[in-house]
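In mature numbering (1 follows the signal peptide of the UniProt record, and there is no 0), the protein residues as written are -23 to -1, 1 to 435.
Here is the structure we will look at.
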Amino acid sequence: MSNSVRLAALLFVFFHSISNSYARDFEQAYILVSVGKIQVPIPVTILPASSKLVTLRETESGYELEWSPIDSTEFYIVEQLVNGHWQQVGGDITATRLTVTNKLGSNFRVTACGRYGCGSAAIRNSIVDGPVAVKRFSSSSDQVLQGEQTTLSWHTSNASNVYITTNFGQVYRGLPAVGSMRVSPHDFGIYTLNANGFGSSVSVSATVVVEKPRALVSTPQTAYLEPLRNKGFDVIGRTLLELPLGVVFSTHDEHVALVNKSGDIVWRREVDGVVANQGHFNVSDGVLSFSVSKLDGTGRLCSLDVNTGNNFKCIATESPAIAKPFMLDVASSSFASRENQSAASGTEPTQKVIAVVDMNGRLYLADKDTLNVKHSALLPAEVRQQKITANIAAEYGTSRFVMRVSNNQYAALSINPPDDGCHNLSTCTRSVMSVFGMEDDEPAEPVIKLEWFKEVAR
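Right, dumping it as structure tokens:
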């Protein structure tokens, strides 16, 4: 008779005393193994790992000890080597720091204990001789093909806790002071090494770009669009913008260029980042505005004279900007001082501003001529459910724009002057202060209003 043995993903627990050097009572962990129709509990060992870092700092009266935290730990046991024997100090510690008020010896060890017992002791392996520092943090390659790995290497000093976070939510905890590891980046991976200890911390980032196979972009067959790749331009297809002068486009080597109908390069401008949009062309003044995504995790809003490529100017955005800029007509009182805003009456004048939204949903309103930022604010949480990369459509002559929130959700928003009425204690106080001339020069804050939110059936 053959019996199939399978492992159940269920933990069966008995509580009993386990004999160990710390004389504690722990639970015994079991897994259930099915033998035919019978389930048999088999004892297993589940113990916490050891701290990678146990760091010591000497004080006038003793020592300060810190160590890297361990998952599934209920308490730590700290021992000091005194006259050749290990002695526990401080009782059962639930934190990752201990102050020792004696100088009987600088050799310590830390043991993590959990529900089912204590792990192996970690010996003190670092003595602080200065502030926390990251001497090196790098990747073996800052650009990999899809599916490839890269190696992150680091060297820190005087840290008691080292871990790495990513822009896609992954965290690598309990790292040694000096080490390396292989990682598989996502589309655009930002890895941040965090080192902290004794009240100070340092963070350093490294960026890895994943090159994915690009599908051929279908473009109009004209005398000048198709030969661009033959001329050696690594064109980003979605950026092709046909103008009377020729075609404007961006390339993967961080340039924007204009080629005329004869195939000649009119101008080529380095933009310190990747432009992944057509940009916004203002016919009245011949200015092209476009958003930029940078490898350091930030972005830019830039503009230039499309005829010459000159008058190039940029402002920074907090995160990469993928969606193209758009023009809005915003009420002038949205940016006026409260004194001028209160005095405004009659037909509301407007001014044109160039707007851009970065990937994290922060809206920037800038003067269309100087690019000076007039206002910056996060969009409502409802429209920031995902990273914002799709282009945004503006309703001509208004302050309203429509954006895609997800694959089948859309929202319309508008920029409105501040409501200077008296509706609550805060606004009433502000109104009274304005009457007495106490807030005349305070700039107004335009209001971002969510007009509607719709889900489209697919």
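Glycine included, C-beta positions come from ideal geometry on N, C-alpha and C.
From a predicted model like this one, the values you see are computed outputs, not experimental measurements.
Query, Result
"DSSP state of S309 mapped onto helix, strand, coil", "helix"
"Residues near V21 by beta carbon distance below 6 Å, same chain, minus five either side", "A6 and I8"
"Rounded Cβ spacing between I299 and L278 (contact assumed at less than 8 Å)", "Contact doesn't hold; Cβ gap of about 12 Å is too wide."
"Contact with chain B by M158, beta-carbon distance below 9 Å", "Reference to chain B is not applicable here, since this structure consists of a single protein chain."
"Separation of V224 from A358, as counted between CA atoms", "37 Å"
"Beta carbon of T73 nearer than 9 Å to that of S97", "no"
"Distance between I365 and K426 (C-alpha atoms, nearest Å)", "18 Å"
"Three-state class that DSSP yields for F430 in the structure shown", "strand"
"Beta carbon of V334 nearer than 9 Å to that of S376", "no"
"beta-carbon G256 near the ligand MN non-hydrogen atom, thresh 8 Å", "The ligand MN is not among the ligands present in this structure, which contains no ligands whatsoever."
"Three-state secondary structure (DSSP) of residue 436", "A query on residue 436 cannot be resolved here, the shown segment of the chain reaching from -23 to 435 and no further."
"Ranges of the beta strand (DSSP E) found wholly within the stretch 216 to 264, counting only runs of at least 3", "218 to 220, 223 to 228, 232 to 237, 242 to 247 and 257 to 259"
"Cβ contact (3+ pairs, closer than 8 Å) linking the stretch 147 to 162 and the stretch 89 to 96", "no"
"Contiguous beta strand (DSSP E) assignments of at least 3 residues, all confined to the stretch 66 to 122", "74 to 77, 85 to 91, 110 to 116 and 120 to 122"
"Reduced DSSP category for E43 - H, G, I as helix; E, B as strand; rest coil", "strand"
"Spatial distance of D344 from L170 (CA atoms)", "37 Å"
"Residue of G286, S296, N284 and L342 minimising C-alpha distance to S309", "L342"
"Residue(s) in a DSSP beta bridge with G166", "V185"
"K329, enclosing beta strand (DSSP E) - first and last residue", "T327 to V334"
"Among L75, V179 and W131, nearest to G113 - alpha-carbon criterion", "With the sequence shown as reference, residue 113 is identified as Arg, and Gly is not the correct amino acid for it. Answer by Cα proximity: W131."
"Among G82, S137, T128 and G250, nearest to D106 - alpha-carbon criterion", "S137"
"Nearest to Q255 (by Cα), restricted to the options R361, Q363, V269 and P153", "V269"
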